[in-house]
Amino acid sequence: MPLSRRELLRFGTAGSVALLAGVSAAGSARFAAPRRLGDDPFTLGVASGDPTPDGVVLWTRLAPDPLAPDGLGGMALAPVTVDYEVAADEHFRRVVARGSAVATRELAHSVHPEVHGLAPDRWYFYRFRAGSAVSPVGRTRTAPAPGSPTARLRFAFASCQSWSAGHFTAYEHMSAEDLDLVVHLGDYIYERAWLLGRAGMSMDRQFWAEAVDLAGYRLRYAQNKTELPLRAAHAAFPWLVTMDDHEVDNNWAGDSPGSGIDIYRVPALFRRRRAAAFQAMYEHQPLRLAQLPSGPDMRLHRRYRFGDLAEITMLDTRQYRTRQACGDGGLVTDCDERFAADRTILGARQRDWLLEGFGASPARWQVIGNQVAMAQSDYDPGPATAVGTDSWDGYVADRNAVLGAAADRGVRNLVVITGDRHENYAADLRRDYTRAESPVVATEFTGTSITTGGDGADLPGRGRQLLDANPDLKFFNGQRGYVRVDLDHGLWRSDFRVVPYIRKPGAPIATRAGFVVRDGVPGTVAA
């Protein structure tokens, strides 16, 4: 059973909550590592994330046997004190911060120490120790101070990484890029194997069943993190993460389950499933104590500023949405329900929080980290409009509210980065797609999957169909990879980085296309 916040709080003090949540707790007791912790308790690697000007959150999980069927990674019952160091150099001659966190069975022996007191806009190195075992070294970077002159920001964004669908080669190339940050937009795991895409693959029987409980979700994260390219990308840069649907159940929406196992359509059982999925996500990502789930609830919408240059707002388009209109999110041509004013993909509180942020930030670029496509995606080149309702096309009132508020409140440059589609798009965003004269007010770049969908193709029939039906869609590509972003005060550039295959490892990478947005000019053009 997942651990609820109430169960944490019954242990008493805030320090006890921090200890049990795997974050630093001043003055907490030390717990020795067992004599035999395994040859390598750091099999799942190290990570950092949520950078601020004075610090980051670090992450690791002790798991000497990461694919043990019970999901506990081969660890015993006892808590273990995990020490960490942060240094200004990779040889740790200039240690600038050190501390300890307690890894407990309740959270699968994961730790999430939050490090403060670092200098802004700097690279740092970190490592962990448990007993005599020392982790791999990770590298992280703090954000520039709020409002400080910031000449440049470089990051990549990615999504959709089904282990069974192929090799994580794109991350091998990403980890070699010159980046400040990685943004992951969801579907970090898949609750089941939707496609068997690895050449000659064999998969342990425990991964054939759909994950519905805490052990199952833990195993899906551990399976992904056994991939060296993913661990390398985590160790190379700080990450910002959110979730989409497959971290829980395909096409789930708020309190409504998706298309998974029928018994979990019972509301109480789905809430239990959701709580297990959220806890497993927290246990395996560099998330702060503020993101610790409370049963089936987890706050993932949050903002990060990078000097005077950019503000990245991470959204949650799953947890607060109303159920999809006219079915389970598939294509519809006549669906008046999707225009209903009370339909929401964000929930009222998150939407208000997002809109208030538009007027409060002095950043040159407003960036929205978003899960599902915001631009209208019409699949009918003829007079009809055929759209899917799992995306913002099913929640038109919210889309109009967000894009209208950005225009009305004078957002200078709004760029939306999106995952989910397993395809690369560059598209202009209009204030209201029902009016032909509606102005372009923002830009959306949608990134393809890391593996989901198999090898893919450059321009399949679906891509031609979308380009023919959507004049605001400037680019389509159906291969695998990620998007690399380079921005300064005058220009945003997105490069679509793709690999030709994922069925086997070792694929090269190339830039399929580049698109730019100029300061103060909504919309995108080819570079």
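The letter at position 506 of the sequence shown is residue 1218 when you use the numbering used here, and the numbering goes up by one with no holes. Here a beta-carbon is modelled for each residue, glycine too, at the ideal position from N, C-alpha and C.
Simplified DSSP assignment, three categories, for Phe1187: strand
Residue interval of the beta strand (DSSP E) (run including His896): Leu893 to His896
Ala1181 versus Val1099 - alpha carbon distance: 11 Å
Under the three-state DSSP convention, the category Phe1227 falls into: strand
Tyr994 in three-state terms, based on DSSP: helix
CB-CB length for Ala1075 against Leu865, believed under 8 Å: Actually they are not in contact, since the Cβ atoms of Ala1075 and Leu865 sit about 10 Å apart, beyond 8 Å.
The region 794-807 contacting the region 944-964, beta-carbon criterion three pairs below 8 Å: no
Continuous alpha helix (DSSP H) stretch holding Phe1070: start and end: Ala1060 to Ala1072
As assigned by DSSP and simplified to three states, the class of Arg1174: helix
For Ala965, the residue or residues it bridges with in DSSP: Ser968
Proximal residues to Pro1093 (C-beta, below 6 Å), its chain only, five neighbours per side dropped: Asp1180 and Ala1181
Unbroken stretches of the beta strand (DSSP E), 3 residues or longer, contained in the region 1118-1150: 1126-1130 and 1136-1142
Stretch-stretch touch, CB-based, cutoff 8 Å, three pairs: the region 812-821 with the region 758-778: yes
Span separating the alpha-carbon of Arg1230 from that of Ala1139: 14 Å
Candidates Ala800, Asp762, Met886 and Asp892: closest to Ala945 by CA position: Met886
At least three beta-carbon pairs within less than 8 Å, the region 833-844 to the region 915-926: no
Stretch pair the region 1046-1057 + the region 1169-1176: three plus CB contacts closer than 8 Å: no
Cβ-Cβ distance between Ala857 and Gly909 below 7 Å: no
Glu939 - DSSP class collapsed to helix/strand/coil: coil
C-alpha distance - Pro969 paired with Ala980, whole-angstrom precision: 11 Å
C-beta contact flag for Trp1077 and Leu1199 at 7 Å: yes
Cβ-based neighbour list, Val1228, same chain, cut-off 7 Å, excluding 5 preceding and 5 following: Leu1203, Trp1204, Arg1205, Thr1236, Val1237 and Ala1239
Alpha-carbon to alpha-carbon, Arg1111 and Ala1060: 13 Å
7 Å Cβ shell around Ile1057 - same chain, five flanking residues per side excluded: Thr1029, Arg1033, Trp1104, Tyr1107 and Asp1110
Close-in-space but distant-in-sequence residues of the same chain around Gly1019 (CB under 6 Å, 5 per side omitted): Pro856, Ser860 and Thr862
Secondary structure of Asn1112, DSSP reduced to three states: helix
Span separating the alpha-carbon of Pro1183 from that of Leu1066: 28 Å
Range of the contiguous alpha helix (DSSP H) that encloses Met886: Thr881 to Met886
Residues that Ala947 bridges to, as DSSP identifies them: Partner(s): none; Ala947 has no beta bridge.
Meets three-Cβ-pair contact criterion under 8 Å: the region 982-990 and the region 920-938: yes
Of the listed residues His1013, Pro1220 and Leu1115, nearest to Tyr883 (C-alpha basis): Pro1220
For Val814, the first and last residue of its enclosing beta strand (DSSP E): Val807 to Ala815
Within 7 Å, strictly: CB atoms of Pro825 and Leu770: yes
Completely contained beta strand (DSSP E) runs for the region 1008-1068, where each covers 3 or more residues: 1014-1018 and 1022-1026
Beta-carbon gap between Ser1161 and Arg1209 smaller than 7 Å: no
Reduced DSSP category for Trp1104 - H, G, I as helix; E, B as strand; rest coil: helix
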